[in-house]
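**Q** Numbering (the working numbering), first residue to last: 1 to 157. Mind looking over this structure? Questions follow.
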Amino acid sequence: MRIGTGYDLHRLCEGRALILGGVKIPYEKGLLGHSDADVLTHAIIDSLLGAMGEKDIGTHFPDTDISFKNISSTLLLQKTMQIMENNGYKIVNIDSNIICEKPKLLPFMDKMKENLAPLLNIDESDISIKAKTNEGLDSTGEGEAIAAQCVCLIEKV
Ligand code: MG
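Shown next as structure tokens:
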């Protein structure tokens, strides 16, 4: 068994859709990035790559590559799962945090799990997504950004 951690943060801006865990969330702002900037999915990908001892998300899916422009991060997760399969690993469970002052994410948690479970080849009960505010402090607390953290456990098939 191997453990991995992932962290990501993206800036909030106007004129972009807010996508978290592959779910479009109604909000006046979205996350800025080369891809769809799905910060939760990026943290999950980096935790999986880290657990395998692979290089990070930016190395595998560089933002200089035009083919990744505005790409759905769930496609990047599918590519990561292909790397998992090639390396002979499967996921045991993942535990994650989204640090977000606004909007409230609780109504969308089940949908995120429903979306991610088939992509990760695990049950929804093996996925934990927790939403935290940052008590009004720093960029996430002031509503300028959303961050995510993820820990995963993987095992050799
Ligand atoms: Mg990112």
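Backbone N, C-alpha and C fix where the C-beta goes; we use that ideal spot for every residue, glycine too. All values reported here derive from a predicted model rather than from experimental measurement.
Is the closest heavy atom of the ligand MG to the C-beta of Gly22 under 7 Å?
**A** Sequence index remark: in the sequence shown, residue 22 carries index 22 (1-based). False, no ligand heavy atom lies under 7 Å from that Cβ.
**Q** Looking only at DSSP bridge pairs, what is Ala147 linked to?
**A** Position 147 of the sequence shown, counted from the start, is the residue given in the question as residue 147. Within the DSSP bridge table, the entry for Ala147 names Leu9, Ile99 as partners.
**Q** Any residues whose CB sits closer than 5 Å to a heavy atom of the ligand MG? List them in chain order?
**A** Asp8, His42
**Q** On the three-state DSSP scale, how would you describe Lys79?
**A** What you label residue 79 is simply residue 79 of the sequence shown in a count that begins at 1. Reduced to three states, the DSSP call for Lys79 is helix.
**Q** Do Leu31 and the ligand FAD come close, with the Cβ less than 7 Å from some heavy atom?
**A** Ligands displayed in this structure: the ligand MG; the ligand FAD is not among them.
**Q** Tell me the residue span of the alpha helix (DSSP H) that contains Lys24.
**A** Numbered from 1 along the sequence shown, position 24 holds the residue referred to as residue 24. According to the DSSP assignment, Lys24 belongs to no alpha helix (DSSP H) but to the beta strand (DSSP E) extending over 23-25.
**Q** Quick one: Cα of Glu144 to Cα of Asn86, how far?
**A** Here residue 144 refers to the residue found at position 144 when the sequence shown is read from its first residue. Here residue 86 refers to the residue found at position 86 when the sequence shown is read from its first residue. Spanning the alpha carbons of Glu144 and Asn86 requires a straight line of approximately 38 Å.
**Q** Classify Gly50 as helix, strand or coil using the three-state DSSP reduction.
**A** Mapped onto the sequence shown, residue 50 falls at position 50. The answer is helix: DSSP assigns Gly50 an H, G or I state.
**Q** For Ile71 versus Asp95, is the C-beta distance shorter than 8 Å?
**A** The residue labelled residue 71 in the question sits at position 71 within the sequence shown. The residue labelled residue 95 in the question sits at position 95 within the sequence shown. For Ile71 and Asp95, no; Cβs fall outside 8 Å.
**Q** Taking the beta carbon of Thr59 as the centre, do at least 16 other beta carbons fall within 10 Å, making it buried, or is it exposed?
**A** The residue given as residue 59 occupies position 59 in the sequence shown. Exposed: under 16 other Cβ atoms inside 10 Å.
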